[in-house]
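Worksheet for the structure shown next.
In our numbering, the protein residues as written are 27 to 216.
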């Protein structure tokens, strides 16, 4: 099924002819730190289209910091993050938003909104980025919840009513809600 997305204004889109679609995300000489504590130094990484990459390390090794930096939730202290060949720091807000509609993110613990039920949580990206009618959004959300193995009755529960594993699966359903081209998973097996 193809989701009908909001038609962006011309100024809000990336110039797709100038995009490096073979390497959607790259880190070049990346440096991240907290105070004097250097987390990453001269880290170089290319995430190529069609690849699956796992980052493995102990607790506190910087895996989540790397993810947050690639996603733009943390600014690098040196080097750059490139999105389709463009330096993320030089992209306009609209260009970053165009990229963000093409990705799905599963954060540690699921990061669900506590005031929304599970179905409503899965519908959040659809509400933000599509013009779909609400009944169709509900149907798609239920389909995504089914895809990740949650029972239909879970859709009306709130995050506080779920086990940790169920919250993680609900977060995965939300990450998949727009059929993303790229999926970023933070501790998907936790």
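Built from N, CA and C at the ideal position, the CB exists for glycine as well.
In its own chain, which residues sit with a C-beta less than 7 Å from the C-beta of residue 206, not counting the 5 before and 5 after it? 128, 129 and 130
With burial defined as no fewer than 16 other Cβ atoms inside 10 Å of the residue's Cβ, what is the status of residue 30: buried or exposed? Since pLDDT at residue 30 reaches only 46, below the 50 mark, its modelled position is unreliable, and the value read off the structure follows with that caveat. Residue 30 should be labelled exposed.
If contacts are defined as beta-carbon pairs under 8 Å, then residue 178 and residue 168 qualify, I think. What distance do you get, rounded to the angstrom? 7 Å
Counting only the same chain and skipping the five closest in sequence on each side, list residues whose C-beta sits under 6 Å from that of residue 148. Correct list, in chain order: 167, 170, 199, 200 and 203.
Assuming residue 108 is part of the beta strand (DSSP E), what are its boundary residues? 104 to 109
My output table needs one value for residue 118: the three-state DSSP class, helix, strand or coil. Of the three classes helix, strand and coil, the one that applies to residue 118 here is coil, per DSSP.
Count the other CB atoms, across all protein chains shown, that sit within 10 Å of the CB of residue 35; report buried if there are 16 or more and exposed otherwise. Confidence is the limiting factor: at residue 35 the pLDDT is only 43, short of 50, which leaves the residue's position unreliable and the question unanswerable from this model.
Please say whether residue 54 and residue 136 have beta carbons closer to each other than 7 Å? no
Helix, strand or coil: how does DSSP classify residue 60 here? Strand.
Identity of the residue in 74, 81, 93 and 193 nearest residue 138 by Cα: Closest by alpha carbon: 193.
Along the chain, where does the alpha helix (DSSP H) containing residue 191 start, and where does it finish? 190 to 201
Enumerate in chain order the residues of its own chain whose CB-to-CB distance from residue 91 is below 6 Å, with the five nearest sequence positions on each side excluded. Hits under 6 Å: 58 and 65.
Anyone know if the C-beta pair for residue 160 and residue 96 falls short of 7 Å? Contact: no.
So the candidates are 103, 73 and 133; which of them puts its Cα closest to the Cα of residue 62? Of the candidates 103, 73 and 133, 103 places its Cα closest to the Cα of residue 62.
Residue(s) in a DSSP beta bridge with residue 129: 208
From 107, 133, 68 and 172, residue whose alpha carbon lies closest to that of residue 4: With the chain represented from 27 up to 216, any question about residue 4 goes unanswered, as that position is not in the structure.
Can you list the beta strand (DSSP E) stretches of 3 or more residues lying completely in the segment 128 to 193, in chain order? Segments of the beta strand (DSSP E) lying fully in the segment 128 to 193: 129 to 132.
Do you know offhand how far residue 196's Cα is from residue 210's? Rounded to the nearest angstrom, the gap between the Cα atoms of residue 196 and residue 210 is 15 Å.
What does DSSP give as the partner residue(s) for residue 213 in the beta ladder? Partner residues in a beta bridge of residue 213, as assigned by DSSP, do not exist.
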